[in-house]
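Participant:
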Amino acid sequence: MLPQNKRPPDIGEYVAASSVDAAIDALADGQGTALAGGTDLWAQKDSGNGRLRQRLVNISRVSELCGIAEVAGKIRIGALTTISEILESPLLNEKVPLLPQMANRFAAPQIRNAATIGGNIANASPAADAVLPLIGLGTSVELRSKRETRFLPLSGFFKGPGNTQMTADELITAIEFETPPGNFHGVFCKSGPRPALEISMVAMCLTGLLEGGKLSNPRLVFGAVGPTPICCEKTEAMIDGKTISDDLIASALDLMATEIAPIDDFRASKWYRTQMARTFLEAELIACR
Amino acid sequence: MSLTQKIIFTLNGKPVQADAQVTASALELLRGAFELGGTKLACGEGECGACTIIVDGRSRNSCLLPAVDLDGREVLTVEGLWSEDGIDPVQQAFIDEGAIQCGFCTPGMIMQTKYLLSKNPRMTPEEIERGLEGNVCRCTGYKKIISAVAAASAVAAE
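Which chain is which? The protein sequence lines are H and P, in order.
First residue of the first sequence? That's 240 in this note's numbering, and the numbers climb one at a time after it.
First residue of the second sequence? That's 6 in this note's numbering, and the numbers climb one at a time after it.
1. Look at the Cβ atom of residue 277/H, then the Cβ atom of residue 353/H, and state whether they are nearer than 8 angstroms.
2. Please state whether DSSP places residue 470/H in a helix, a strand or coil.
3. List the DSSP bridge partners of residue 331/H.
4. State the Cα-Cα distance for the pair residue 480/H and residue 63/P, rounded to the nearest angstrom.
5. Specify, as a first and last residue, the run of the alpha helix (DSSP H) that residue 426/H falls within.
6. Residue 28/P versus chain H: which residues are under 9 angstroms apart at the beta carbon?
7. What are the start and end residues of each continuous alpha helix (DSSP H) run of 4 or more residues lying completely inside the stretch 250 to 323 of chain H, in chain order?
8. My guess is that residue 297/H and residue 274/H are in contact by the Cβ rule of under 8 angstroms, so how many angstroms apart are they, rounded?
9. Report yes or no: is there a C-beta of chain H within less than 8 angstroms of the C-beta of residue 64/P?
10. If you run the structure through DSSP and keep just helix, strand and coil, what is residue 241/H?
11. Name, in chain order, the residues that DSSP records as bridge partners for residue 60/P.
12. Taking 8 angstroms as the CB-CB limit, is residue 57/P close to chain H?
13. What would DSSP say about residue 349/H, mapped onto helix, strand or coil?
14. Run the CB neighbour count on residue 503/H, radius 10 Å, all protein chains shown included, and call it buried at 16 or more, exposed below.
15. In chain H, what lies closer than 8 angstroms to residue 52/P by C-beta?
16. Put residue 397/H into one of helix, strand or coil per three-state DSSP.
17. Could you check which residue in 162/P, 132/P, 73/P, 44/P has the C-alpha nearest to that of residue 94/P?
18. Please list the partners that residue 21/P has in chain H, where partner means a Cβ-to-Cβ separation under 9 angstroms.
19. Under 8 angstroms between beta-carbons, which chain H residues line up against residue 139/P? List them in chain order, please.
20. I want to check one thing, is the minimum distance from the CB of residue 398/H to the heavy atoms of the ligand GTP below 7 angstroms?
21. Between which two residues does the beta strand (DSSP E) carrying residue 443/H extend?
22. Which residues in chain P have a C-beta closer than 8 angstroms to the C-beta of residue 277/H? List them in chain order.
23. For residue 405/H and residue 396/H, I'd like the C-alpha separation in whole angstroms.
24. Use the C-beta contact count for residue 310/H: other C-beta atoms within 10 angstroms, 16 or more gives buried, fewer gives exposed.
25. Distance, Cα to Cα, residue 316/H vs residue 100/P?
26. Apart from the five residues on each side of it in sequence, which residues of its chain come closer than 7 angstroms, Cβ to Cβ, to residue 81/P?
27. Taking the alpha-carbon positions, what's the residue 421/H to residue 307/H distance?
28. Counting only beta-carbon atoms, is residue 510/H nearer than 8 angstroms to chain P?
29. For residue 243/H, collect the residues of the same chain with a Cβ closer than 8 angstroms to its Cβ; drop the 5 residues on either side in sequence, then sort them by chain order.
30. Who are the Cβ neighbours of residue 459/H in its own chain at under 6 angstroms, not counting the five residues just before and after it?
31. Which bits of chain H does residue 10/P rub up against, with CB to CB less than 7 angstroms?
32. Can you find a CB in chain P that lies within less than 8 angstroms of the CB of residue 353/H?
33. Pull out every residue of the stretch 29 to 43 of chain P whose Cβ sits closer than 7 angstroms to any Cβ of chain H, in chain order.
34. Identify the contact partners of residue 136/P in chain H, using a Cβ-Cβ distance below 7 angstroms as the criterion.
35. Grouping DSSP H, G and I as helix and E and B as strand, with all else coil, what is residue 418/H?
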């Protein structure tokens, strides 16, 4: 069934993990690949540049990795939570509508039913959509291995396309962020060739605390304009708590354009990506006024 | 010889078992070992929806679903829509509305429609269009497909 130029990878061992402990046991020697929804891993499988190691560790039945809950002022989302579950979650729709808003623009229903939040992070695509609002929310990633459990901020998690701070024996088990306060403002924007199943040519998330037309503690994150999600820290500092005047917007757009690093590729040109990034930021800063 | 794994699952209401290749997709297993050709391979990368099946109540692209992951699950393919009463009302609606051109996308469209109706039996035209975003018709016969889903939705809402 596969075209001639495609070759399935060599997998020597298959483990269907029933618990987190079983999964991290199977990953402990660094020779395993965790499989969840499969939308990235299986799509890359036969391409010759897939990332399957010799042991396939299916974590899709590990119930400890499921669920969305609020505990002690923090929202915790299990790594196996699908994009559909984020879209449909009553808790998130009430307290963090930014995440369902992103989920509504994510791929198409069949992919949303499969793709997991942990997978979107672990796959480390520069165009990963779910990552942007999570960075905007100040998310920490919980990583477990036989050695330790550690939390890393998602904003510094990515090193390059497909490359993260995770080591080969670690498993993303959950993400956590503080429940946003009532004046939290968050928007997600995305541009692509069609409304569904598009891989972002440019995506942006802008968050902050909005009071009297001023955005304080802003987070400005772009996708698909660099090798990793790009946090525009200088632009954030420039707009933090300021009255959003026309002059401030003009300066912020120019500064942002120096922080992103778009490339020309088959999806869009560097010029187009820069113009779209400016358009998104201008519109969303105006909307804050 | 590639690695295989024994799996047991429910396929169209019946318990079945198979020795699934660890690198195979659910699509390959269904079309191969089970000879269920209704589920179609088109893009093979989750872009077109022709391989849509329902797994544990959720529609999935079977081309991106590892066959071994079917273990223990409940799987519905287009072949499972047939009952002693005849074809499914969604299938009848596609026939009545003439929503089939070459027919290659039709099983995936019908399975996605079954899924959408299970979540929401009374869909608005916009909900139908959004719900079918992951299904491509290469003949571009979308208007009649959307009419068929609307007709099936009207039946389901009764």
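Cβ atoms here follow ideal geometry from the backbone N, Cα and C, with glycine treated the same way.
What you are looking at is a predicted structure, and each value in this text was computed from that prediction instead of being measured.
Facilitator: So, from the data block:
1. yes
2. strand
3. DSSP, once it has assigned bridges, lists no residue as partnering residue 331/H.
4. 44 angstroms
5. From DSSP, residue 426/H is part of no alpha helix (DSSP H) but of the beta strand (DSSP E) over 423 to 430.
6. 247, 248, 249, 250, 284, 285, 291, 295
7. 259 to 266, 280 to 283
8. 5 angstroms
9. yes
10. Residue placement at residue 241/H is poorly supported in this model, since its pLDDT is 49, which falls under 50; the coordinates are not used for a value here.
11. 63/P, 80/P
12. yes
13. helix
14. exposed
15. 436
16. strand
17. 162/P
18. Going along chain H, no residue has its Cβ under 9 angstroms from residue 21/P, so there is no contact; the nearest lies around 18 angstroms.
19. 346, 347, 348, 349, 350, 435, 436
20. For the structure depicted, the ligand GTP is absent and the ligand set is empty, with no information on it obtainable.
21. 441 to 450
22. 69, 70, 71, 74
23. 8 angstroms
24. exposed
25. 43 angstroms
26. 17, 58, 59
27. 20 angstroms
28. no
29. With a pLDDT of 48 at residue 243/H, under the threshold of 50, the modelled position of this residue cannot be trusted, and the question is left open.
30. 445, 471, 474, 475
31. 253
32. yes
33. 30, 33
34. 348
35. coil
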